[in-house]
Amino acid sequence: MAEQARTAAGPPDAERVAFTEAAADLLRSLTGMHGPLMFHQSGGCCDGSSPMCYERGEFRTGEGDVLLGELRVDGVPEPVPFWISASQYEYWSHTHLTVDVVPGRGSGFSLEAPEGVRFLIRSRLLESDG
Amino acid sequence: MSRYAAPGTEGALVTYQPRYDHWIGGAYVAPKQGGYFENPTPVNGQPFTEIARGTAEDVESAVDAAHAAAGSWGRTAPADRALVLNRVADRMEEHLEALAVAESWENGKPVRETLAADIPLAIDHFRYFAGVIRAQEGGISQIDEETVAYHFHEPLGVVGQIIPWNFPLLMAVWKLAPALAAGNAVVLKPAEQTPASIHYWMSLVADLLPPGVVNIVNGFGAEAGKPLAASPRVAKIAFTGETTTGRLIMQYASESLKPVTLELGGKSPNIFFDDVSASEDAFLDKALEGFTLFALNQGEVCTCPSRALIQRGHYRDFLDAGIARTERIVQGHPLDTDTMVGAQASNDQLEKILSYLDIGRQEGARVLTGGERAELGGELAGGYYVTPTILEGGNRMRVFQEEIFGPVVSVTGFDGFDEAMSLANDTLYGLGAGVWSRDGNTAYRAGRAIQAGRVWTNCYHQYPAHAAFGGYKQSGIGRENHRMMLDHYQQTKNLLVSYGEARMGLF
Chain A
57 MAEQARTAAG
67 PPDAERVAFT
77 EAAADLLRSL
87 TGMHGPLMFH
97 QSGGCCDGSS
107 PMCYERGEFR
117 TGEGDVLLGE
127 LRVDGVPEPV
137 PFWISASQYE
147 YWSHTHLTVD
157 VVPGRGSGFS
167 LEAPEGVRFL
177 IRSRLLESDG
Chain B
74 MSRYAAPGTE
84 GALVTYQPRY
94 DHWIGGAYVA
104 PKQGGYFENP
114 TPVNGQPFTE
124 IARGTAEDVE
134 SAVDAAHAAA
144 GSWGRTAPAD
154 RALVLNRVAD
164 RMEEHLEALA
174 VAESWENGKP
184 VRETLAADIP
194 LAIDHFRYFA
204 GVIRAQEGGI
214 SQIDEETVAY
224 HFHEPLGVVG
234 QIIPWNFPLL
244 MAVWKLAPAL
254 AAGNAVVLKP
264 AEQTPASIHY
274 WMSLVADLLP
284 PGVVNIVNGF
294 GAEAGKPLAA
304 SPRVAKIAFT
314 GETTTGRLIM
324 QYASESLKPV
334 TLELGGKSPN
344 IFFDDVSASE
354 DAFLDKALEG
364 FTLFALNQGE
374 VCTCPSRALI
384 QRGHYRDFLD
394 AGIARTERIV
404 QGHPLDTDTM
414 VGAQASNDQL
424 EKILSYLDIG
434 RQEGARVLTG
444 GERAELGGEL
454 AGGYYVTPTI
464 LEGGNRMRVF
474 QEEIFGPVVS
484 VTGFDGFDEA
494 MSLANDTLYG
504 LGAGVWSRDG
514 NTAYRAGRAI
524 QAGRVWTNCY
534 HQYPAHAAFG
544 GYKQSGIGRE
554 NHRMMLDHYQ
564 QTKNLLVSYG
574 EARMGLF
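Taken in sequence, the protein lines are chains A and B.
Note that the numbering used here has the first sequence beginning at 57, numbered continuously upward.
Note that the numbering used here has the second sequence beginning at 74, numbered continuously upward.
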């Protein structure tokens, strides 16, 4: 029940989050270094609005979070859950997110920062799904 | 116009060292694991120094050094601690231009701002906390004729501070000055995008600070920030940044039941009532500047006035004037004194801003000016520049709800006071807000109705010490920039003393 309540609303088959091939490469390499991973989408200042990548379970999610989807990446044994706070999801729910990666040095505690790259969200409207 | 020479070139006021280790116990210490990372300037994307890549072992060493220093620093008379802070301020003032150039090169912000704001504010911040610590008093409560409660302020001991990259020196000083005034020793981690200018600052003031009172551990959040936030030997952690990391830091802090202060940003409304345009005068000019301040510091400000709410009676005229004012912004080399908007602090920051311009367009926001990467070419090729951008749309669009942290304002209209308040408060955050009106009653009511910690009224983007700064809602916990920040760096010791001889009579 609890898991159900925390899953994003909408048609069960509606994919809400995807990833680029560059992000998949990075997830494979980070999994090799750190083991199973998770994302939590940040908001607010500085490096807000960026997805934060942690070792699975490092960041404690709760009733105030929504599981937006699970990224199934070839070569990564376990799917990578992608979480967002429920309050932020209210403002994001009409958009589809794609996890990409760009060169840069975001701060925060995200695992990829020391590699000189940063995960980045690209968005499109869900309504525009063909 | 004048142009300061880039650090390290002929005639430069500043030369950065080719490498910075950790500053621990009053000396430079190489990282235990031996790693370094390059630090590029956003001005042209080229590395100008390398920085020690700190890990848990380095944090442990710094915490050791801080503990060794905390006792005697905490017992140092407030007058003497204040003297140290005042001397630090004086030293900074002697080197104001050099610090301004160092900060501009580090962060990409225009030297015009660092000369006029970042560095003078940082200097004054030390002086302010030198003053308030001397004026602070404990309390005495008479409980009854023979019983007295004494209240003493005591330092927490060793505190951790994680600094953001948007005002690398000023945000460090906002945290250092109250912590040091209160008698704490500090382990500070600068942002990995902007780790160098704090070391230049330290090169100027190191001889004024007892060894171990201020320690700087460089590195990445996951490698150096986490052990600092989680350390059971750190009594408090202060952080400025975003919400997910803020939650993670609270989570680490909870493991050793330590307090946190957090400043996590906002999506600040800037509200312009019709009467602003009642007359073509200096006040209207000031309000238009207030609108255009969304581009201050390239929009990389937690309180960026990134939502402009304009009343419909003067909407078109005011917005047209705002567009014209925005298009007069001079963008260019950050070390030119005429440059108003410089470079974004990092490539990923640039990419994030561009991704928001993209989703804004998809959501139907209209681009009224700007809206693209600025290719300035020449010696600035490779730098991270965005043209100041005005979007017009509706408050439920993501560009109205998320901190883009770029020179981007999202504009919408409102009819009356109630709608203005409803739009202003329709946000997850509550850090800053602006209210502009010639009617004092309207401005007052708006200021009280907006759920934000700071409401600039007929002004914006002023950050004087002695005015409390901090967030409502998801914008954080605590108030910086004011005497009350001492409370976040002090324990209250109560001595409950009986001066009577009679027993209680219970046993």
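We treat Cβ as the ideally placed atom computed from N, Cα and C, and that holds for glycine.
For residue i, which of helix, strand or coil comes out of DSSP?
{"i": "Asn239(B)", "result": "coil"}
{"i": "Ala85(B)", "result": "coil"}
{"i": "Ile550(B)", "result": "strand"}
{"i": "Arg401(B)", "result": "coil"}
{"i": "Asp185(A)", "result": "Only weak support is given to the placement of Asp185(A): the predicted model assigns it a pLDDT of 48, under 50, and the value that follows is read from those uncertain coordinates. Correct three-state label for Asp185(A): coil."}
{"i": "Glu119(A)", "result": "coil"}
{"i": "Ser141(A)", "result": "strand"}
{"i": "Thr76(A)", "result": "coil"}
{"i": "Ser510(B)", "result": "coil"}
{"i": "Glu328(B)", "result": "helix"}
{"i": "Thr151(A)", "result": "strand"}
{"i": "Thr318(B)", "result": "helix"}
{"i": "Tyr533(B)", "result": "coil"}
{"i": "Gln435(B)", "result": "helix"}
{"i": "His406(B)", "result": "coil"}
{"i": "Glu336(B)", "result": "strand"}
Taking 6 Å as the cut-off, is the beta-carbon of residue i closer than that to any non-hydrogen atom of the ligand SAM?
{"i": "Ser379(B)", "result": "Absence of the ligand SAM from the depicted structure is noted, as is the absence of any ligand whatsoever, leaving it without description."}
Might you give, ordered along the chain, the residues of its own chain that have their beta carbon closer than 7 Å to the beta carbon of residue i, omitting 5 neighbours on each side?
{"i": "Tyr388(B)", "result": "Gly486"}
{"i": "Gln215(B)", "result": "Val221"}
{"i": "Lys546(B)", "result": "Leu501, Tyr502, Gly503, Gln524"}
{"i": "Trp146(B)", "result": "Gly256, Ala258, Pro283, Val286"}
{"i": "Ala58(A)", "result": "Summary for Ala58(A): the model assigns pLDDT 38, below 50, so the residue's position carries little reliability, and this model does not support an answer."}
{"i": "Ile84(B)", "result": "Per the sequence shown, residue 84(B) should be read as Gly rather than Ile. Excluding positions up to five away in sequence, the list reads Ala78."}
{"i": "Gly90(A)", "result": "What sits at residue 90(A) in the sequence shown is His, not Gly. Around His90(A): Glu111, Leu167."}
Below 6 Å CB to CB, which residues in the same chain sit around residue i once its five sequence neighbours on both sides are set aside?
{"i": "Gly125(A)", "result": "Arg72, Val73, Phe138"}
{"i": "Ala171(B)", "result": "Leu86, Val87"}
{"i": "Glu365(B)", "result": "Rather than Glu, the amino acid found at residue 365(B) in this sequence is Thr. Result list for Thr365(B): Arg398, Thr399, in chain order."}
{"i": "Asp186(B)", "result": "For the record, residue 186(B) in the displayed sequence is Glu; it is not Asp. Excluding positions up to five away in sequence, the list is empty."}
{"i": "Asp302(B)", "result": "It should be pointed out that residue 302(B) corresponds to Ala in this sequence rather than to Asp. Excluding residues within five positions, the ones whose Cβ falls inside 6 Å are Ile310, Ile322, Tyr325."}
{"i": "Glu130(B)", "result": "Lys105"}
{"i": "Ser117(A)", "result": "Reading off the sequence, residue 117(A) comes out as Thr, not Ser. Cβ neighbours of Thr117(A) beyond the five flanking positions: Trp139."}
Give me, in chain order, the residues of the same chain whose beta-carbon lies closer than 8 Å to that of residue i; leave out the 5 immediate sequence neighbours on both sides.
{"i": "Ser143(A)", "result": "Gly120"}
{"i": "Arg164(B)", "result": "Leu277, Val278, Leu281"}
{"i": "Lys340(B)", "result": "Ser379, Arg380, Phe473, Gln474, Glu475, Glu476, Thr500, Leu501, Tyr502"}
{"i": "Leu156(B)", "result": "Ala203"}
{"i": "Gln60(A)", "result": "Caution is warranted here: a pLDDT of 41 is assigned to Gln60(A), below 50, making its placement in the model unreliable, and the coordinate value is therefore given only provisionally. There are no such residues."}
In terms of DSSP beta bridges, what is residue i paired with?
{"i": "Gly486(B)", "result": "Ile383(B)"}
{"i": "Arg446(B)", "result": "Val459(B)"}
{"i": "Thr122(B)", "result": "Asn112(B)"}
{"i": "Gly212(B)", "result": "His224(B)"}
{"i": "Lys262(B)", "result": "Ile235(B)"}
{"i": "Asn288(B)", "result": "Val260(B)"}
{"i": "Met413(B)", "result": "Bridge partners of Met413(B): none, in fact."}
{"i": "Trp178(B)", "result": "Trp178(B) is not bridged to any residue."}
{"i": "Leu127(A)", "result": "Val136(A)"}
{"i": "Leu568(B)", "result": "Tyr223(B)"}
{"i": "Ser177(A)", "result": "Residue identity differs from the one stated: residue 177(A) is Ile in this sequence, not Ser. Answer by DSSP bridge pairing, in chain order: Val155(A)."}
Under 7 Å (Cβ pairs) to chain A, residues found in the region 499–510 of chain B: Residues passing the 7 Å Cβ filter: Leu501, Tyr502.
Chain A contacts made by the region 462–476 of chain B, where a contact means CB separation under 8 Å: Result list: Arg469, Arg471, Gln474, Glu475, Glu476.
Contact residues within the region 262–276 of chain B, judged by C-beta distance below 7 Å to chain A: Taking 7 Å as the Cβ-Cβ cut-off against chain A, the residues of the region 262–276 of chain B that qualify are Ala264, Glu265, Gln266.
Chain-ordered residues of the region 534–567 of chain B with a beta carbon less than 8 Å from chain A: Listed by position along the chain: Gln547, Ser548.
Near-chain B residues of the region 147–159 of chain A - C-beta to any C-beta below 7 Å: For the region 147–159 of chain A, which is checked against every Cβ of chain B, the residues closer than 7 Å are Tyr147, Trp148, Thr151, Val158, Pro159.
Any 3 or more C-beta pairs closer than 8 Å across the region 394–411 of chain B and the region 565–579 of chain B: Taking 8 Å as the limit for Cβ pairs, the verdict is that the region 565–579 of chain B does not touch the region 394–411 of chain B.
Three or more C-beta pairs below 8 Å linking the region 358–373 of chain B and the region 512–528 of chain B: Contact fails: fewer than three Cβ-Cβ distances are below 8 Å.
Proximal residues, the region 169–185 of chain A versus chain B, C-beta separation under 7 Å: Taking 7 Å as the Cβ-Cβ cut-off against chain B, the residues of the region 169–185 of chain A that qualify are Ala169, Pro170, Arg174, Leu176, Ile177, Arg178, Ser179, Arg180, Leu181.
Interfacial residues, the region 91–117 of chain A to chain D, with Cβ spacing under 8 Å: The structure shown contains no chain D; the protein chains it does contain are A and B.
Cβ pair count under 8 Å reaching 3, the region 331–346 of chain B against the region 541–558 of chain B: Here the region 331–346 of chain B lies against the region 541–558 of chain B, with 3 or more beta-carbon pairs under 8 Å apart.
The region 246–255 of chain B touching the region 552–559 of chain B, judged by at least three CB pairs closer than 8 Å: Contact holds: three or more Cβ-Cβ distances are below 8 Å.
Near-chain A residues of the region 342–376 of chain B - C-beta to any C-beta below 7 Å: So the close ones are Cys375.
Short-range partners of chain A found in the region 439–451 of chain B, where Cβ spacing is below 7 Å: The region 439–451 of chain B vs chain A, Cβ under 7 Å: nothing.
Segment contact, 8 Å Cβ cut-off, at least three pairs: the region 409–419 of chain B with the region 120–134 of chain B: Too few Cβ pairs lie closer than 8 Å, so no.
Any 3 or more C-beta pairs closer than 8 Å across the region 433–442 of chain B and the region 206–215 of chain B: Touching, no, given that fewer than three Cβ pairs across the two stretches are closer than 8 Å.
Residues, ordered as in the chain, of the region 77–101 of chain B that lie near chain A by beta-carbon distance below 9 Å: Residues of the region 77–101 of chain B with a Cβ closer than 9 Å to any Cβ of chain A: none.
Members of the region 284–303 of chain B that neighbour chain A once the beta carbon cut-off is set at 8 Å: When CB distances to chain A are screened at a threshold of 8 Å, the residues of the region 284–303 of chain B falling below it are Phe293, Gly294, Ala295, Glu296, Gly298, Lys299, in chain order.
Segment contact flag, the region 526–534 of chain B with the region 479–493 of chain B, C-beta cutoff 8 Å, min 3 pairs: Under the Cβ criterion (8 Å, minimum of three pairs), the region 526–534 of chain B does not count as touching the region 479–493 of chain B.
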